[in-house]
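Structure first, commentary second.
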């Protein structure tokens, strides 16, 4: 602020001197030149014709230094980023907390409302932090970089982070909906230990249904690796549900994204069952046929 004040005073002095010089020059021309009017007009032509315009432009520039409301959206963002970086120069985590982006940490799942989650992910504070996160990552070595899901996981815990992302995925705002699905996939990658154990994910998130939603979100990704990861995790869980007799409609109600995978597995299971039935029928028919003389019946 002290620097801005010094700049303001300097520019104000320059403006005052320029204005006085221009006016004095005009007075000298008017008083000392006694030629006819055309000559006066010619001599005056070297004097800036729009003094008011120049002064106004300079004043507007000065005003922006001391009146943030006159700044453009980009200038306001840069000012806010500078302020945030100055306040938390060494911790993107502290910036996250200072902007109250961990506000749902102690909110029960049943009290998480989609409108509240919408406001979080479309708000200026989130935009400010997310932009700051990008700049932070650009300055870090790969092993120190982070992402949205990691931050929510770290500050809210895996279960609560998933609940926030899961609600976001139900938003009517397409941007927030995409956030919800993408962040669930980021979270799944963090929880992935190389074994594809869906039971571990179910335990962390609190239920098989919650895990199914996460696996379904991964299958919605445009990234083929993410899609395969979601299918891989979901397969043993869906096999369990087939054994339990869960219908396709029940599974789709939990996660619409699992519709195709579950349908394919049901068809495959039916084909296997039909194949086994045919094998059993052929074996039974073979046993029922009379044995040839001199041979033993199996």
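In this note's numbering, the protein residues as written are 33 to 330.
Using N, Cα and C, we set each Cβ at its ideal position, and we do this for glycine too.
Original post:
Tell me which same chain residues have a C-beta within less than 7 Å of the C-beta of residue 286, skipping the five on either side of it?
Top reply: 241, 244 and 245
Original post:
Does the beta-carbon of residue 104 have 16 or more other beta-carbons within 10 angstroms, so that it is buried, or is it exposed?
Top reply: exposed
Subject >> Pairwise C-alpha distance: residue 204 and residue 331 >> reply: For residue 331 there is no data in the structure shown, the boundaries of the chain being 33 and 330.
Subject >> Continuous alpha helix (DSSP H) stretch holding residue 244: start and end >> reply: 240-251
Subject >> N-terminal and C-terminal residue of the alpha helix (DSSP H) that residue 257 is part of >> reply: 256-275
Original post:
Can you list the alpha helix (DSSP H) stretches of 4 or more residues lying completely in the region 134-207, in chain order?
Top reply: 146-154, 156-171, 180-188 and 190-200
Original post:
Excluding five sequence neighbours on each side, which residues of the same chain lie with their C-beta closer than 6 Å to the C-beta of residue 234?
Top reply: 240 and 243
**OP:** Return the residue from the list 250, 271, 107 and 295 that minimises the CA-CA distance to residue 211.
**Re:** 250
Original post:
Quick one: is residue 248 buried, meaning 16 or more other Cβ sit within 10 Å of its Cβ, or exposed?
Top reply: buried
**OP:** With a threshold of 16 other CB atoms inside 10 Å of the CB of residue 299, please say whether the residue is buried or exposed.
**Re:** exposed
**OP:** Could you check if residue 253 is buried or exposed, using at least 16 other CB atoms within 10 Å of its CB as the buried criterion?
**Re:** buried
Original post:
Between the beta-carbon of residue 199 and the beta-carbon of residue 146, is there less than 9 Å?
Top reply: yes
Original post:
Considering only the beta carbon of each residue, do residue 144 and residue 187 sit closer than 9 Å?
Top reply: no
**OP:** Consult DSSP for residue 223 and reduce its assignment to one of helix, strand or coil.
**Re:** helix
Subject >> Among 183, 159, 191 and 168, the one whose alpha carbon lies nearest that of residue 140 >> reply: 191
Original post:
Which class does residue 116 belong to by DSSP, given the choice of helix, strand or coil?
Top reply: helix
Subject >> Close Cβ partners of residue 17 (< 8 Å) along its chain, the five nearest in sequence each way excluded >> reply: Not covered by the structure: residue 17. The range shown for the chain is 33 to 330.
Original post:
Whose CA, out of 215, 177, 274 and 278, lies closest to the CA of residue 305?
Top reply: 274
Original post:
When DSSP labels each residue in this structure, what does residue 278 get in the three-state scheme?
Top reply: coil
Original post:
In its own chain, which residues sit with a C-beta less than 8 Å from the C-beta of residue 269, not counting the 5 before and 5 after it?
Top reply: 230, 234, 240, 243, 244 and 247
**OP:** Might you give, ordered along the chain, the residues of its own chain that have their beta carbon closer than 7 Å to the beta carbon of residue 228, omitting 5 neighbours on each side?
**Re:** 264 and 265
Original post:
What is the rounded straight-line gap between the Cα of residue 125 and the Cα of residue 284?
Top reply: 37 Å
Subject >> Rounded Cβ spacing between residue 219 and residue 193 (contact assumed at less than 8 Å) >> reply: 6 Å
**OP:** Verify whether the separation of the beta carbon atoms of residue 113 and residue 174 is less than 9 Å.
**Re:** no
**OP:** Sort 171, 169 and 131 by Cα distance to residue 152 and report the nearest one.
**Re:** 131
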